[in-house]
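Engineer: Residues in the sequence shown are numbered consecutively from 742, following my numbering. Ideal Cβ placement from N, Cα and C applies to all residues, glycine included. These numbers were taken from a predicted model, which means no experiment stands behind them.
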Amino acid sequence: MQPEIEAGHNVAHHETLVVRVRYIGAREPFVDPKAHATETLGAFKPRVLAFFKLVEGNADGGTKVYTFAVDGVAVTNVGAMLGTLAAGKHELKLDLLEQFKQG
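Encoded structure:
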């Protein structure tokens, strides 16, 4: 089931929530115990990339891009709010996916 991620649809019932981000290349997840429910993925992403020491951009003749996924479904809307993705729960679990685009 795909989470409701419409930009104008906010189902956040909490001001803050616990966000856990798992990245396959890391032993420990990124955990923010007091993430703001109204924070967007676009605003949240730089902190996660810094934690894992990752950089988006040119690499080996292509481009590395990192995307979040909820329950195995990639979320391409960087304007989606954390609280919306959590669907009213106090905890949000995300996976950080690495993509390499050639060209």
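Would L826 and V816 qualify as a contact pair, given that the criterion is a beta-carbon distance under 8 Å?
Structural biologist: In this structure, V816 lies closer than 8 Å to L826 by Cβ.
Engineer: The beta strand (DSSP E) spanning A800 covers which residue range?
Structural biologist: Note, A800: beta strand (DSSP E), 798-800.
Engineer: Buried or exposed: where does F771 fall if 16 or more other Cβ atoms within 10 Å of its Cβ makes it buried?
Structural biologist: Classification of F771: buried, given that the 10 Å Cβ count is 16 or more.
Engineer: Whose C-alpha, out of G766, A778, T804, G798, is nearest the C-alpha of H859?
Structural biologist: Residue 859 lies beyond the residue range present for the chain, which begins at 742 and ends at 844; the question has no answer from this structure.
Engineer: Can you tell me whether D773 is buried or exposed, with buried defined as 16 or more other CB within 10 angstroms of its CB?
Structural biologist: Buried is the call here.
Engineer: For a test of the three-state rule: what should DSSP assign to L795, helix, strand or coil?
Structural biologist: Three-state result, L795: coil.
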